[in-house]
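Note that our numbering has the sequence shown beginning at 32, numbered continuously upward. Note that beta-carbon positions come from the ideal geometry of N, C-alpha and C, so glycine has one too. In what follows, a structure is listed as structure tokens, so that the remarks can point back to it.
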Amino acid sequence: MTVRRRRVTDASDDDRFHADALLACAGGDRAALRALYDREASRMLGIALRILRRRDLAEEAVQDAFVQIWRKAASFDTARGDGRAWMFAIVRNRALNILRDGRREDLLPDPMGSEIADDAPDPEAIVSRLSDTSRLRRCLEGLEPRRRAGLVLAYTHGLSHGEIAARLAVPLGTAKSWIRRAFLSLRECMG
């Protein structure tokens, strides 16, 4: 019981840190931005890497995200969610924009490689895979934000339901329910 209470307290302290740092950023405090960077850059890089699968593009997404965090810190509203989730959404969206902009050359088959390899995927398979990725992205974006956050924390960050409940500051049963409903909605949307 004390472990659970401690996790919730830690999550609450964590939320307070992010809210205070974002408020300071809104006031022009560069040290606050540096503190956010030191605390979250590696996690944000992990999010971007999972989406882009290229370190150079992931680093670009993180850099762009921190520029956006600096510029838009005043628009962060604690009533709508926690600061870390807001920051993670920014880097996720930035990575998805990079993906959409076509800066991932590895999505397209290499013309030289297709001449050499006999078992290169056919163009129809590539188009199908791209279509599935786009559909997954649309389905994820269609989920209610807190449920999507729970699903992402579970499946991309590998957090337990208890850790997710603490991070989102909700009861364990609520976190489990959100994750399950988000998963079912995602499965239904994907067909």
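- Counting C-beta pairs closer than 8 angstroms gives three or more between the segment 94-114 and the segment 50-58, which meets the contact rule.
- Secondary structure note for Ala120: its alpha helix (DSSP H) is the uninterrupted segment Gly114 to Arg131.
- Distances from the alpha-carbon of Arg179 to those of Asp45, Pro202 and Lys207 put Lys207 closest.
- Cβ-Cβ distances below 8 angstroms link His192 to Ala185, Leu203, Ala206, Lys207 and Ile210 in the same chain, with the five nearest sequence neighbours on each side left out; the list follows chain order.
- Rounded to whole angstroms, Gln99 and Arg125 show a C-alpha spacing of 9 angstroms.
- Rounded to whole angstroms, the separation of the alpha carbons of Ile129 and Phe107 is 23 angstroms.
- Using a 10 angstroms sphere on the CB of Glu71, the tally of other CB atoms reaches 16 or more, which defines it as buried.
- In the structure shown, the three-state DSSP call for Arg74 is helix.
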